[in-house]
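Engineer: Quick one: the structure is below, questions incoming.
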Amino acid sequence: MLSELTSGQRQAALIFLALVACVGLFVAGFGGADPIAAHGWLVLGVALISAFAVLTRFHDPEPVADRSGSYYDAPVKAGIILAMVWAVLAMFVGDWVAWLLVDPELTFSEPWASFGRLRPVHTTGVIFGFGGNALIATSFYVVQRTCRVRLAGHLSPLFVLWGYNLFCLLAVTGYLWGINQSKEYAEPEWYADLWLVIVWVAYFVLYLRTLARRKEPHIYVANWYYLAFILVVAVLHIVNGLALPLSWAQAKSYSLFSGVQDAMTQWWYGHNAVAFFLTAGFLGMLYYYLPKRAERPIYSYRLSIISFWGITFFYMWAGSHHLHYTALPQWVQTLGMTFSVMLLVPSWASAGNALMTLNGAWHKVRDDATLRFMFVAAVFYGLSTFEGSFMAIRPVNALSHYTDWTVGHVHAGALGWVAMITFGAIYASVPWLWKQKTMWSPRLVEVHFWLALAGTLIYVFAMWNSGIIQGLMWRTYNESGTLAYSFVDSLEAMHPYYIARAVGGLFFLVGTLVGCYNIWMTIRASRAAAVLEGDHPAPRPALETGS
Amino acid sequence: MAVEERDPLSGYKTTGHEWNGIKELNTPVPRPVFVFLIAAFLFSVGYWLLMPAWPTGQSYTKGLLGFDQRDQVARDVAAAAAQRAAWSRALEYTPFDVALADPALMTRVRDTAPALFGDNCAMCHGQSGEGGPGFPNLRDGAWLWGGTPDEIAETMRVGVNADHADTRVSQMPAFGRDQMLPQEDVRAVIDYVRSLSSERPVAPSARLVRGAEVFANTCAACHGVTGEGSQAVGAPNLTDGAWLYGGDRDSVHQSVWGGRHGQMPAWEGRLSTAERRLLTLYLLDLGRDQP
Chain A
2 MLSELTSGQR QAALIFLALV ACVGLFVAGF GGADPIAAHG WLVLGVALIS AFAVLTRFHD
62 PEPVADRSGS YYDAPVKAGI ILAMVWAVLA MFVGDWVAWL LVDPELTFSE PWASFGRLRP
122 VHTTGVIFGF GGNALIATSF YVVQRTCRVR LAGHLSPLFV LWGYNLFCLL AVTGYLWGIN
182 QSKEYAEPEW YADLWLVIVW VAYFVLYLRT LARRKEPHIY VANWYYLAFI LVVAVLHIVN
242 GLALPLSWAQ AKSYSLFSGV QDAMTQWWYG HNAVAFFLTA GFLGMLYYYL PKRAERPIYS
302 YRLSIISFWG ITFFYMWAGS HHLHYTALPQ WVQTLGMTFS VMLLVPSWAS AGNALMTLNG
362 AWHKVRDDAT LRFMFVAAVF YGLSTFEGSF MAIRPVNALS HYTDWTVGHV HAGALGWVAM
422 ITFGAIYASV PWLWKQKTMW SPRLVEVHFW LALAGTLIYV FAMWNSGIIQ GLMWRTYNES
482 GTLAYSFVDS LEAMHPYYIA RAVGGLFFLV GTLVGCYNIW MTIRASRAAA VLEGDHPAPR
542 PALETGS
Chain B
32 MAVEERDPLS GYKTTGHEWN GIKELNTPVP RPVFVFLIAA FLFSVGYWLL MPAWPTGQSY
92 TKGLLGFDQR DQVARDVAAA AAQRAAWSRA LEYTPFDVAL ADPALMTRVR DTAPALFGDN
152 CAMCHGQSGE GGPGFPNLRD GAWLWGGTPD EIAETMRVGV NADHADTRVS QMPAFGRDQM
212 LPQEDVRAVI DYVRSLSSER PVAPSARLVR GAEVFANTCA ACHGVTGEGS QAVGAPNLTD
272 GAWLYGGDRD SVHQSVWGGR HGQMPAWEGR LSTAERRLLT LYLLDLGRDQ P
């Protein structure tokens, strides 16, 4: 990865890492007994290990003088590997907490191993670790191919990837040590948040500069979505993260918002994280890899346009549907509900555009598990957006809110849509990146597909049943006009579904492990022989006449 | 230069652009998309007209139905209370013995109490009131603060060592840890106390005699001369085989050495009078099933 850097860039990387190490040491020193000190040491350690890695490659030969004749794929490869590592880690923790709900004794009697600390490790690990790395890696891949130009920078892509993973590491280690600002899906404390802002701005600038250098007259749809993802996530993250730390050397901070304003800001963030992280970004992925793999043109450019603007416009209003029947004024709930209903139309338009693109390639969907991953992802996208709009309707929400139905809905989206499209994209890109004809074992892709699909279906059906039973038990009155069931009665009723859910999660995890093995073997095969020629950016204008 | 092509499969033209092999068709947006978009928008407009919807600076549009979720909740709660009023009000004044003999009222109690007990009491006293170490069994008839209906209701109202002006107060001192008794005497009195409820006769020994002596001097003030306990101070009966913290040697040692200071929250202010009396009836009813 570092051999593509000039010696000047390697020096710059070393200086930067030395600076980061100093910051780590400084925080470790001034943090004293505060938990932030542990993060200081962590940052110091990561910076030193990274500096060591740069040093071992410091005297490698210089890269070719003009690197613009090739795509910069090193950060893409690293990002894909990191995504798979995070996937295994976070899905393991996810299944662990699922079993913990089956039997609360299935853990160690240590504070870090309690449900409340493990759960955010799972959610952050899958959303930001797995999903985020996959988005960064594929966005780097897609923006280069669709602009026919090399990434605009050598250090900044590495910085984005490295910095982003440092953020994820600070986040999950923090939860285990009890550092958590108690905002769902935005748990990391102020200093990790600030670091992410720096990383994210670098990402945004890098992406814009690459787009600006494009050799294509038009910007492809996938890039609209990736750019919307990068831009809006920055806005959401900054606003929801506004907080005042106790001091520069303490981990604890207090949010600038309080009461119902805090709840509204949090769910404006939370729902738009679903919209722009888990939807827009992955739609970008879908818009590149699905037509590419199916070798079919996108069904309708016009449909792409109205779905894009429909999604970006409607989603922004929908967050308040997370706060139905609460202290939030009812008019805000009304807006959240109605915009959620309207949102269904552009959502289904996107799903429809993807599925109609497969017209003429259905035999490939049948034969090619990679394309089938993407097809199933589009189906689950349609399914969970319908479910989301449905659950946003107030009387439906009265039944579904606070139950496992929500958990089932989220996982229909997370497993069925986000993870499936990611696996599809990864299985498509790995052979391209490592210059192989196919994955090491197409059969194992097939195995992974069925494990993932079975796991998702078991999970989602278990949670639908559990959630609806739960919701009904909580609202059932007896003939005396009093509640028929205690909370523990509903817990007992959920027990079999919790077992089913944990089994479904295990299927999914095993599928991911199979995928890791397959990717590993493909990379190993590539060391033996690169079978394919790499693809290249558009030649420089000066060379155009000559070539 | 954009070169449009016709896709042989769909018959539509492409937009003429290509990105690394990906092309786009210029297919018109299917009509259903617009139909559904308009339908969803009209539904929203209708909903906005009927319900509180758009902010207007200091206020918001109230909607033609005049619906307000807070009013609605208040109305629903009042309606539900009114529906239950016939029997729940009777609970507040009907003497316990009369209520226990009233099958209609007791049906309401048996309908209602399990969920109420399950949500408020079961986390300490167990799902069916069987108790656990440190938490009294409510079905065995061994009442710490008295088992008459009024005494049970009062315990529920004020709690034990609770945050209530009239709370019942009880403490077992830490005789060993606070050096009120030497280790020898602690051991002796444990043997003696355990012998009080022993089913098999215990062979007399010097240690038992010493234990009895220590008991008479130190423990009898609360637990009574014969160890029969005192419901006035919540001191358990030591002769009945019912152990609050366990009757094995280690548990009794922990009680005598380190003391005990159990707590039960006061339920006045958390549960209504009717609800507390309902739970009292439920416990009495549970006790009636016991042999």
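Protein chains in written order, with this note's numbering: chain A, 2 to 548; chain B, 32 to 322. Don't be surprised by glycine CBs; every beta carbon is placed ideally from N, CA and C.
Just checking my contact of A/Q145 with A/L152 at CB under 8 angstroms: how many whole Å lie between their CB atoms?
Structural biologist: The pair is a contact, with the Cβ atoms about 6 angstroms apart (cut-off 8 angstroms).
Engineer: Can you give me the start and stop residues for the beta strand (DSSP E) that A/L348 sits inside?
Structural biologist: Just to set this straight, residue 348 of chain A is Ser in the shown sequence, not Leu. A/S348 -> not in any beta strand (DSSP E); alpha helix (DSSP H) instead, spanning Q331 to T358.
Engineer: Answer yes or no: do B/D197 and A/T483 have a C-beta to C-beta separation smaller than 8 angstroms?
Structural biologist: Contact flag unset, no.
Engineer: Could you tell me whether any Cβ in chain B is nearer than 8 angstroms to the Cβ of A/M343?
Structural biologist: Yes, its Cβ sits closer than 8 angstroms to a Cβ of chain B.
Engineer: Helix, strand or coil for A/W178? Go by DSSP, reduced to three states.
Structural biologist: Three-state result, A/W178: coil.
Engineer: List the endpoints of the continuous alpha helix (DSSP H) containing B/Y78.
Structural biologist: Unbroken alpha helix (DSSP H) run through B/Y78: R62 to L81.
Engineer: Please report the straight-line C-alpha distance between A/S183 and A/G133, rounded to a whole angstrom.
Structural biologist: Answer to the nearest angstrom: the Cα atoms are 21 angstroms apart.
Engineer: How about B/R170: is its C-beta nearer than 8 angstroms to some C-beta of chain A?
Structural biologist: Not one chain A Cβ lies under 8 angstroms of B/R170.
Engineer: Please list the residues of the segment 465–494 of chain A that have a C-beta atom closer than 7 angstroms to any C-beta atom in chain B, keeping them in chain order.
Structural biologist: So the close ones are N479, E480, S481, G482, T483, L484, A485, Y486, S487, F488, V489 and D490.
Engineer: Quick one: does A/A350 have its CB under 8 angstroms from some CB of chain B?
Structural biologist: Closer than 8 angstroms to some Cβ of chain B, the Cβ of A/A350 qualifies, so yes.
Engineer: Return helix, strand or coil for B/G163, following the three-state DSSP convention.
Structural biologist: The answer is strand: DSSP assigns B/G163 an E or B state.
Engineer: Output needed for A/P35: all residues of its chain with C-beta closer than 7 angstroms, excluding positions within five of it in sequence on either side, in chain order.
Structural biologist: Checking the displayed sequence, the identity of residue 35 of chain A turns out to be Asp instead of Pro. A250, Q251 and A252.
Engineer: Run through the segment 463–535 of chain A for me and flag every whole alpha helix (DSSP H) of 4 or more residues, listed as ranges in chain order.
Structural biologist: The segment 463–535 of chain A contains these whole alpha helix (DSSP H) runs: 488–529.
Engineer: So, at 7 angstroms on beta carbons, what are the nonlocal neighbours of A/V261 in its own chain, with the 5 sequence-adjacent residues on each side left out?
Structural biologist: Counting only Cβ-Cβ distances below 7 angstroms, and skipping sequence neighbours, we find A328 and L329.
Engineer: Do A/L228 and A/Y270 count as a contact pair if the criterion is CB distance below 8 angstroms?
Structural biologist: Cβ distance not < 8 angstroms, so A/Y270 and A/L228 don't count as in contact.
Engineer: Suppose you measure from the CA of A/D194 to the CA of A/S348; what does that come to, to the nearest Å?
Structural biologist: For A/D194 and A/S348, the distance between alpha carbons rounds to 30 angstroms.
Engineer: Are A/L3 and A/V55 touching if we call contact CB-CB under 8 angstroms?
Structural biologist: Contact flag set, yes.
Engineer: Just the Cα atoms here: how many angstroms apart are B/C253 and B/A263?
Structural biologist: Approximately 9 angstroms, taken between the alpha carbons.
Engineer: When the Cα atoms are used, what is the spatial distance from A/Y176 to B/A193?
Structural biologist: Going from the Cα of A/Y176 to the Cα of B/A193 covers about 35 angstroms.
Engineer: Would the beta-carbon of A/R297 fall within 8 angstroms of that of A/T358?
Structural biologist: Contact flag set, yes.
Engineer: For A/M421, tell me which candidate among A/L400, A/W87, A/M375 and A/D67 has the shortest Cα-Cα distance.
Structural biologist: Of the listed residues, the one whose Cα sits closest to A/M421 is A/M375.
Engineer: Quick check: what's the CA-CA separation for A/T546 versus A/P540?
Structural biologist: Here A/T546 scores only 42 on pLDDT, less than 50, and its place in the model is too uncertain to base an answer on.
Engineer: What's the C-alpha gap between A/S548 and A/T139?
Structural biologist: Model confidence at A/S548 stands at a pLDDT of 37, short of 50, so the residue's coordinates are unreliable and nothing is read from them.
Engineer: I want to know whether the segment 47–67 of chain A touches the segment 400–415 of chain A - three or more CB-CB distances under 8 angstroms.
Structural biologist: Too few Cβ pairs lie closer than 8 angstroms, so no.
Engineer: I'd like the ranges of any alpha helix (DSSP H) spanning at least 4 consecutive residues and lying wholly in the segment 214–267 of chain A.
Structural biologist: For the segment 214–267 of chain A, whole alpha helix (DSSP H) runs of length 4 or above, ordered along the chain, are 222–241.
Engineer: Name the chain B residues that come within less than 9 angstroms of A/N360, Cβ to Cβ?
Structural biologist: Residues of chain B passing the Cβ test: L40 and S41.
Engineer: Can you tell me whether DSSP reads B/W298 as helix, strand or coil?
Structural biologist: Here B/W298 sits in coil by DSSP.
Engineer: Where A/V554 and A/A66 are concerned, what is the direct C-alpha to C-alpha distance, given to the nearest angstrom?
Structural biologist: Given a span of 2 to 548 for chain A in the structure shown, any question on residue 554 of chain A remains unanswerable.
Engineer: Nearest to B/R188 by alpha carbon, out of B/N57, B/D316, B/G300 and B/Q210?
Structural biologist: B/R188 has its Cα closest to that of B/G300, out of B/N57, B/D316, B/G300 and B/Q210.
Engineer: What residues in the segment 210–221 of chain B have a beta carbon less than 7 angstroms from any beta carbon of chain A?
Structural biologist: The segment 210–221 of chain B vs chain A, Cβ under 7 angstroms: nothing.
Engineer: Please list the segments of the alpha helix (DSSP H) lying wholly inside the segment 123–167 of chain A, counting only runs of 4 or more residues, in order along the chain.
Structural biologist: You should have 134–148.
Engineer: Should A/S548 be flagged as near chain B, meaning a C-beta pair shorter than 8 angstroms?
Structural biologist: Confidence at A/S548 is low in this model, with a pLDDT of 37, below 50, so its placement is unreliable and no value can be given for it.
Engineer: Taking the runs of the beta strand (DSSP E) that are 3 residues or longer, which of them lie wholly in the segment 196–267 of chain B?
Structural biologist: Here no run is fully enclosed.
Engineer: Which of the residues in the segment 143–165 of chain B, read from start to end, lie with their CB under 8 angstroms from any CB of chain A?
Structural biologist: Correct list: T143, P145, A146, L147, F148, G149, D150, A153 and Q158.
Engineer: Name the residue from A/V89, A/V240 and A/F283 whose alpha carbon lies nearest to the alpha carbon of A/Y135.
Structural biologist: In the sequence on display, residue 135 of chain A carries Ala and not Tyr. Comparing Cα positions, the closest option is A/F283.
Engineer: Counting only beta-carbon separations shorter than 8 angstroms, does A/I427 have a partner in chain B?
Structural biologist: So, not an interface residue.
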